[in-house]
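Data block below; observations after.
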Amino acid sequence: MMKAQRWATSRWSGYLVFLVVLLVTTLSALKASNPVAERLLTRSIGNQGAEVIAQVDQVMASVVRTLTAIDRSGHAACSAADLSLLRSELMRSKFTKDLGRLEGNDLACTTMLGVLPEPFVPKQRSIPFDGGLQLFWKAGLLLDPSTLGVVVRAKRSSLLIDLDAFGVPTSPGLNYVISLRDEPTPLVIGLDRHGLPGYIEAARVAGFEQGKRFCSARVPLCATVVQARPAEEHANRQAAWLLGSAGILLGSALGGLALLLHRRRTALSAQIRRALANGGFTVRYQPIMRLGEPPEIVSAEALIRWPDGPAPPDVFIAEAERCGVIGAITAFVLDTVLEDMRGLFEKLPDFRVAINISTPELLDGSLAATLQRLWPEGLGRHHVGFELTERSTAELQDILPQLERLRGQGHPIYIDDFGTGYSSLAQLQHLPVDYIKVDRSLLPGSARQRASLIPEILAIARRLEVGLVFEGLETREQAQLLEGVGQTIFAQGWYFGHPETPDKLQERLKPGTRRCE
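Residue numbers (the working numbering): 9 to 525.
Below, the structure is given as structure tokens:
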């Protein structure tokens with residue numbers, strides 16, 4: 009914790025040096041540039057609001073077209089032909105996360121869950137719009153009632169909107185939230201701490217009350233554009249450049265030089281590069297079990313660690329992606345796995361190790377080059393699988409050819425953290441996936457707590473014809489709950505073992521010791 013704090017402090021101190029030098033040399037220009045900066049900021053806010061409303065109108069127009077099409081169906085509600093029609097429309101609609109069929113006012117079936125055991129009766133008041141449609145602003149989802157979504161209903165059908173559909177690029181320092189036009193909305197659609205769309209409390213949105221509101225003329229939704237200090241600073245920098253270019257050039261040169269010297273000594277990216285060059289990273293292996301009586305180790309996940317580093321894995325991996333060295337990180341992990349596990353792979357032909365990868369190294373071809381350079385002749389590709397975190401539909405479509413190539417070579421493909429992203433069931437059906445790793449947030453803490461989620465997750469796996477790996481198991485009760493589901497389940501977590509050295513893992517894999525009592 010203290011190391012991470014020191015890293016954050018050193019990073020911000022570098023920015024402070026830059027800002028002080030820049031401020032001294034440009035102060036006079038900034039005084040004269042305020043009116044220009046205000047006009048630039050006003051125009052930027054207006055453009056941002058117009059873009060958001062245009063996207064809202066496009067999404068809702070697509071929703072209306074989809075509902076109109078499936079309302080015309082002549083099939084019996086929730087019949088096999090009707091569900092086939094709903095799934096076909098789901099795959100054609102890029103803004104839709106799920107479709108359902110109504111019987112009266114009750115939801116009888118959905119594309120994701122099939123025919124419901126009991127019809128679902130909405131408890132929330134709807135908002136009428138567009139000649140007979142109903143909008144439910146924050147409806148609890150059937151799979152996880154604590155997760156909220158936007159639902160639109162027609163006469164015979166219901167549609168769950170993918171919140172990712174409301175995303176548009178933002179200008180520096182600007183943000184926006186989407187709310188109802190004519191009713192108070194304590195919860196608004198905005199970006200969460202991970203930069204993904206979701207419901208957030210309006211009271212916690214900085215500058216919400218002072219934001220500029222833009223409303224759609226077609227649907228009862230509005231966008232409020234809010235600005236943070238970086239937006240004003242961006243406009244001031246633009247105006248100051250027009251009125252005081254000489255001062256800015258001098259300040260940027262001096263400040264940039266000071267920041268460069270500081271970063272060379274203290275920047276996290278530089279420390280990552282030094283650690284790669286000097287052997288500062290290690291790899292640990294967390295066992296993955298096939299559940300049964302008793303559970304048995306069948307594979308492992310390779311996890312990079314920085315024993316003397318200033319930041320935890322989630323921080324330095326994100327920085328490695330940002331500064332373009334994630335390919336070198338993956339190359340190190342792959343090289344280490346092949347060195348640590350080559351002998352084990354030869355003894356256990358079915359054993360595999362999963363390695364985490366990121367989108368940039370798939371898009372730029374660095375992963376393919378690393379595999380070509382490091383993969384030993386004669387070793388089966390099935391011994392190493394690749395894990396990719398669930399992302400947006402657009403991003404996964406971009407890397408689809410690379411995933412198909414990896415799988416064609418024999419590498420198993422995992423979708424990690426399933427249940428936390430925004431890819432739809434229709435899109436996952438077209439991905440070359442062998443295993444889904446279920447996020448720990450969907451794992452029940454006890455048999456009474458959210459146990460009803462397990463059958464739905466199992467049904468999704470059967471429909472996609474993929475294996476299931478449950479992450480984050482910490483108790484015997486969780487393991488017992490999963491052991492009784494009637495199909496093969498894999499799991500990992502502290503209950504079965506922390507990430508460990510290759511020697512300790514291989515010790516556990518010796519004949520007669522692969523099982524966990």
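Glycine residues also receive a C-beta, built at the ideal position from the N, C-alpha and C atoms.
This structure is a prediction, so every number in the text was calculated from the model and none was measured.
- Exclusion of the five residues before and after alanine 336 leaves Leu284 as the residues of its chain whose Cβ lies within less than 6 angstroms of its Cβ.
- Under DSSP, the beta-bridge partners assigned to aspartate 106 are Leu168.
- A residue is called buried when at least 16 other Cβ atoms come within 10 angstroms of its Cβ; arginine 360 meets this threshold and is buried.
- Between the segment 352-366 and the segment 387-395, the count of Cβ pairs shorter than 8 angstroms is three or higher; the stretches touch.
- Under the Cβ criterion (8 angstroms, minimum of three pairs), the segment 126-136 does not count as touching the segment 89-101.
- Taking a contact to require three or more Cβ pairs closer than 8 angstroms, the segment 218-237 and the segment 170-185 qualify as touching.
- In the three-state scheme derived from DSSP, where H, G and I count as helix and E and B as strand, glutamine 132 is classed as coil.
- In the structure shown, arginine 313 falls within a strand segment according to DSSP collapsed to helix, strand and coil.
- Per DSSP, leucine 150 is not a residue of any alpha helix (DSSP H), being assigned neither H nor E.
- Following the DSSP letters along the chain, one finds proline 295 in no alpha helix (DSSP H) but inside the beta strand (DSSP E) bounded by residues 290-298.
- Contact holds between the segment 500-516 and the segment 295-313, because three or more Cβ pairs, one in each stretch, are under 8 angstroms apart.
- Isoleucine 363 places its beta carbon less than 8 angstroms from that of leucine 342.
- Apart from sequence neighbours up to five positions away, the residues of its chain that approach arginine 164 with a beta-carbon distance below 6 angstroms are Asp79 and Leu110, ordered along the chain.
- Residue Ser166 holds the alpha-carbon nearest to the alpha-carbon of alanine 77 among Ile61, Val159, Asp152 and Ser166.
- DSSP links tyrosine 422 through a beta bridge to Glu395 and Tyr443.
- Glutamate 111 sits in a strand when the DSSP states are folded into three classes.
- Within the model, the alpha-carbon separation for leucine 107 versus aspartate 200 is close to 25 angstroms.
- Put simply, the backbone Cα of glutamine 66 is about 33 angstroms away from that of alanine 467.
- Glutamate 209 carries a strand assignment under DSSP once its states are collapsed to helix, strand and coil.
- Straight-line spacing of the CA atoms in arginine 292 and arginine 448 works out to 20 angstroms.
- Here isoleucine 280 really is in contact with glutamate 327; their C-beta atoms are around 7 angstroms apart, less than 8 angstroms.
- Assignment of beta-bridge partners to threonine 232 by DSSP yields Val185 and Arg221.
- Residue pairing by DSSP places cysteine 117 opposite Arg109 and Val123 in a beta bridge.
- Restricting attention to Trp145, Ala162, Glu485 and Ala89, the CA atom closest to the CA of glutamate 191 is found in Trp145.
- Between the alpha carbons of alanine 84 and leucine 490 lies a gap of roughly 36 angstroms.
- Looking at the DSSP output, serine 307 sits in a beta bridge with Ile296 and Arg360.
- As summarised for the segment 364-395, the continuous alpha helix (DSSP H) elements at least 4 residues long and confined to that stretch are 367-371 and 374-382, given in chain order.
- In this structure leucine 461 is not in contact with glycine 480, their Cβ atoms being roughly 14 angstroms apart against a cut-off of 8 angstroms.
- For cysteine 230 against arginine 282, the beta-carbon gap comes to about 50 angstroms, at or over 8 angstroms, which does not count as contact.
- Between leucine 414 and leucine 472, the C-beta gap is not smaller than 8 angstroms, which leaves the two residues out of contact.
- Assigned with DSSP and collapsed to three states, alanine 162 falls in coil, not helix or strand.
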